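J.: Residue numbers (this note's numbering): 380 to 541. Backbone N, C-alpha and C define an ideal beta-carbon position, used for all residues, glycine too. Since this is a predicted model, take the numbers as computed values, not measurements.
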Amino acid sequence: MLQTSSYSLVLTLQFLLLLYDLFVNSFSELLRMAPVIQLVLFIIQDIAILFNVIIIFLMFFNTFVFQAGLVNLLFHKFKGTIVLSGAYLALSIFFHIWVMNLRWRNSNYFVWTDGLQALFVFQRLVAVLYYYFYKRTAVHLGDPRFYQDSLWLRKEFAQVHS
Numbered sequence: 380m381l382q383t384s385s386y387s388l389v390l391t392l393q394f395l396l397l398l399y400d401l402f403v404n405s406f407s408e409l410l411r412m413a414p415v416i417q418l419v420l421f422i423i424q425d426i427a428i429l430f431n432v433i434i435i436f437l438m439f440f441n442t443f444v445f446q447a448g449l450v451n452l453l454f455h456k457f458k459g460t461i462v463l464s465g466a467y468l469a470l471s472i473f474f475h476i477w478v479m480n481l482r483w484r485n486s487n488y489f490v491w492t493d494g495l496q497a498l499f500v501f502q503r504l505v506a507v508l509y510y511y512f513y514k515r516t517a518v519h520l521g522d523p524r525f526y527q528d529s530l531w532l533r534k535e536f537a538q539v540h541s
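1) Under 7 Å Cβ to Cβ from I428, same chain only, skipping five residues before and after it: list those, please.
2) Using a threshold of 7 Å, is the CB atom of F489 nearer than that to any non-hydrogen atom of the ligand MG?
3) Report the rounded CA-to-CA distance for D528 versus M438, giving the unit in angstroms.
4) Alpha carbon to alpha carbon, what distance is there between V415 and I461?
5) For L397 and R503, what's the separation of their Cα atoms in angstroms?
6) Considering only the beta carbon of each residue, do D513 and N441 sit closer than 8 Å?
7) If you draw a straight line from the alpha carbon of F454 to that of I476, how long is it in whole angstroms?
8) Contact between the region 386 to 393 and the region 507 to 525: three or more CB pairs below 8 Å?
9) Less than 8 Å between the CB atoms is what I'm expecting for L498 and F473, so what's the real figure, rounded?
10) Output yes or no for whether 8 Å exceeds the beta carbon distance between F525 and V450.
11) Would you call the CB atoms of I435 and T516 closer than 8 Å?
12) On the three-state DSSP scale, how would you describe R484?
13) DSSP on G521, reduced to helix/strand/coil?
14) Taking 6 Å as the limit between beta carbons, can you name the residues of its chain near F421, skipping five residues before and five after?
15) In the structure shown, what three-state DSSP assignment does V490 receive?
16) What's the C-alpha gap between R533 and L452?
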């Protein structure tokens, strides 16, 4: 069972990581003249996204639903978050690599190719969806129904095994 104090701590950590991600997405272009600082921010951002994915899976593993063997139920309920988290991590890494390759030697010039601009817009749109779904999932996993046996869980279990 997830204790209230540990859930609050985990939720705070998740929101801080999301806030850092939002900060880097919002202000990293202001640092294009300092590519080393931008590279460090991008690496930390990618690690923060990866930590958020790991934390959400650890929260899944901690649920009674998972321990009862209803992994498909968790996947079905949270597949949007799982898919978006993976896609957002991949898009962010790809965008960071592309930006750093273009700007590393020519940081004084404003370099935007058509492909990079399209990737930038797509990555930022996916970021908005990622923030929404991730936050919703993190808050939803605080529901006590996921951590104890209940009538709802028994009905779901009966549907799976019938």
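T.: Considering the structure as presented:
1) D400, Y467, L468 and S471
2) Among the components of this structure there are no ligands whatsoever, and the ligand MG is therefore not found.
3) 17 Å
4) 31 Å
5) 14 Å
6) One point to set straight first is that residue 513 is Tyr, not Asp, in the sequence displayed. No. Outside cutoff.
7) 30 Å
8) Touching, yes, given that three or more Cβ pairs across the two stretches are closer than 8 Å.
9) 7 Å
10) no
11) yes
12) coil
13) coil
14) Once the five neighbours on either side are set aside, the close Cβ partners of F421 are H475.
15) coil
16) 12 Å
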